[in-house]
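Working notes, beginning with the structure itself.
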Amino acid sequence: MTKITLAERLERVPPYPFVVLAERVRHLQERGVDVIRMDIGAPDMPPPPHVVDSLIAAVRQPEMHGYPGYRGTPELKAAFASYYQDRFGVTLDPEQEVLPLIGSKEGLHHITLALVNPGDIVLVPDPGYPAYRASARLAGAEVVPMRLCRENGFLPDLDTLSPSVLRRAKLLWLNYPNNPTGAVASYSFFEDVVRFAQKWGVLVCHDAPYTDVTFDGYTAPSLLAVPGAREIAVEFNSLSKAFNMAGWRVGVAVGCREAIAALLRMKSNVDTGIFLPLQHAAAVALRTTSREWIHARNAAYAHRRDIILDTLTRLGMEAHRPRGGLYIWTRVPSGYTGDTFAMYVLENAGVAFAPGSIYGQEGKYYVRISLGVPTERVQEAMRRLQNLTL
Ligand SMILES: Cc1ncc(COP(=O)(O)O)c(C=O)c1O
């Protein structure tokens, strides 16, 4: 019998943390526990109905079932370019500066493989979305964490990075509105980042899937709106959170044309594009979804956020009030780590939170609570939480 041994590169990354958590949840569910999943970062509400209709109509067309091509359809690229123009005031060349992705996660990985050599440094936020780290390790790079802390508004302090690190740094990852902290970045922070990247010759990868999930009248800017950014930055965006289309797997990379060309060269050797009806319906979503629809959806998240914050305050748990993103990032009560607290709440209240350690060392004493849960389930989860002895 063939003996299966893992490649060294796979040995460098643990199983994706959410896969492990999902296993534990499944065991409880098998025992009949009604688990409320506040660990998952996915919208619970449906996409705009007219977008679903456009997908159904497109699927019925016989010519929509062939290979879709590698670069994305002209219709979808034009729709992303118009969206960036209208939403952020950023003008993009749809052919050279826009590349549709099979969800943005795919692009985060492939750009790393396309540009990073073993021994290079990749700068990642800590806490941060685990895929940046995993892709860097799969590429054989050294991961250098950039600490995000409350005192700095969960923005990295770029001045603390040493010249010896920066000389070897190839990519710098940012993500605003931020997962998991809910922090947002100002335009002037992005200006500083662009100047910094120009000085050190590092490519900024701004992962921005939550730009349209914002609260309290806040509007998130694009890094690419800063003059000069498109020469040194790529921004990743996605329909997953903006239009409640996480399962559709449609995202985009926009910006620096050399980086986009490298990403295309990498991914065209790996995948063969997005199903044509999905590309068409994604273009419809981008072109025609009203701001009112987005605001109403965001108001539902903000309402849930306030219910959760209210409970956390009553329990004496310190939490940042997010103006964007899909999460509340809260410090756990003393005596717990994020891991032990998440396990305690899961086992005793049937409520799943994501332990902060999933996002890096800085998350050790935190858990992340998702807003992508129906409001009545949020209320029920908070009732259960208040009945626990903490
Ligand atoms: C920060 C961040 N980046 C990327 C992704 C992946 O999004 P997509 O569905 O576009 O692959 C997520 C998903 O949760 C995320 O939180």
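Once you know that position 368 of the sequence shown is 602 in this note's numbering, the rest is easy, because the numbers rise by one and skip nothing.
The C-beta atom is built at its ideal place from N, Cα and C for all residues, glycine as well.
Check: residue i C-beta below 8 angstroms from any heavy atom of ligand 1
{"i": "S474", "result": "yes"}
{"i": "Y301", "result": "no"}
{"i": "D505", "result": "no"}
{"i": "E376", "result": "no"}
{"i": "P361", "result": "no"}
{"i": "R483", "result": "yes"}
{"i": "K339", "result": "yes"}
{"i": "Y444", "result": "yes"}
{"i": "F587", "result": "no"}
{"i": "A515", "result": "no"}
{"i": "G597", "result": "no"}
{"i": "G275", "result": "yes"}
{"i": "N478", "result": "no"}
{"i": "D278", "result": "no"}
{"i": "A365", "result": "yes"}
{"i": "F470", "result": "yes"}
{"i": "D573", "result": "no"}
{"i": "D354", "result": "no"}
{"i": "D450", "result": "no"}
{"i": "N621", "result": "no"}
{"i": "N351", "result": "no"}
{"i": "N532", "result": "no"}
{"i": "D393", "result": "no"}
{"i": "D287", "result": "no"}
{"i": "N413", "result": "yes"}
Residues near residue i in its chain [Cβ-Cβ closer than 7 angstroms; skip 5 each side]
{"i": "G594", "result": "D360, P361, G362 and P379"}
{"i": "A537", "result": "Inspection of the sequence shows that residue 537 is occupied by His rather than by Ala. Here the set comprises T609."}
{"i": "F423", "result": "L389"}
{"i": "L335", "result": "G341, G485, V486 and A487"}
{"i": "L310", "result": "P334, Q513, A516 and A517"}
{"i": "F587", "result": "M272, D273, A576, V579, V601, R602 and I603"}
{"i": "E465", "result": "C490"}
Sequence-distant residues of the same chain with beta carbon closer than 6 angstroms to residue i, five excluded per side
{"i": "L289", "result": "P511 and A515"}
{"i": "G275", "result": "L560 and S604"}
{"i": "W482", "result": "L512"}
{"i": "V436", "result": "A403 and L406"}
{"i": "V285", "result": "A515, V518 and A519"}
{"i": "W434", "result": "L400"}
{"i": "P282", "result": "T523 and W527"}
Ligand 2 heavy atom lying under 8 angstroms from the CB of residue i
{"i": "L342", "result": "The ligand content of the structure shown is limited to ligand 1, which means ligand 2 is not among them."}
Residues sharing a beta bridge with residue i, DSSP
{"i": "R271", "result": "A586"}
{"i": "I290", "result": "According to DSSP, which records beta bridges pairwise, I290 is partnered with nothing at all."}
{"i": "E309", "result": "BP columns for E309 are empty, so no partner."}
{"i": "S422", "result": "None, per the DSSP bridge assignment."}
{"i": "W563", "result": "R602"}
{"i": "T448", "result": "G558"}
{"i": "G489", "result": "V468"}
{"i": "A553", "result": "T564"}
{"i": "H440", "result": "L408 and E469"}
{"i": "I355", "result": "E376 and A403"}
DSSP three-state assignment for residue i, whether helix, strand or coil
{"i": "E614", "result": "helix"}
{"i": "I542", "result": "helix"}
{"i": "K433", "result": "helix"}
{"i": "F470", "result": "strand"}
{"i": "R218", "result": "The chain is shown from 235 up to 624; residue 218 falls before or after that span and cannot be answered."}
{"i": "D320", "result": "helix"}
{"i": "R381", "result": "strand"}
{"i": "K404", "result": "strand"}
{"i": "D360", "result": "strand"}
{"i": "V518", "result": "helix"}
{"i": "L335", "result": "strand"}
{"i": "K475", "result": "helix"}
{"i": "D393", "result": "helix"}
{"i": "L510", "result": "helix"}
{"i": "Q330", "result": "coil"}
{"i": "S591", "result": "helix"}
Nonlocal neighbours in the same chain, by C-beta distance under 8 angstroms from residue i, ignoring five residues either side
{"i": "G300", "result": "L510"}
{"i": "A365", "result": "K339, L342 and H343"}
{"i": "L497", "result": "L333, G341, H344, I345, A348, V468 and A487"}
{"i": "A463", "result": "F424, V428, V438, L457 and G489"}
{"i": "L622", "result": "Y578, V579, N582 and A583"}
{"i": "R548", "result": "Q620"}
{"i": "L244", "result": "L372"}
{"i": "R525", "result": "none"}
Cβ of residue i within 9 angstroms of any chain C Cβ
{"i": "F575", "result": "Absence of chain C from the displayed structure is noted, only one protein chain being present."}
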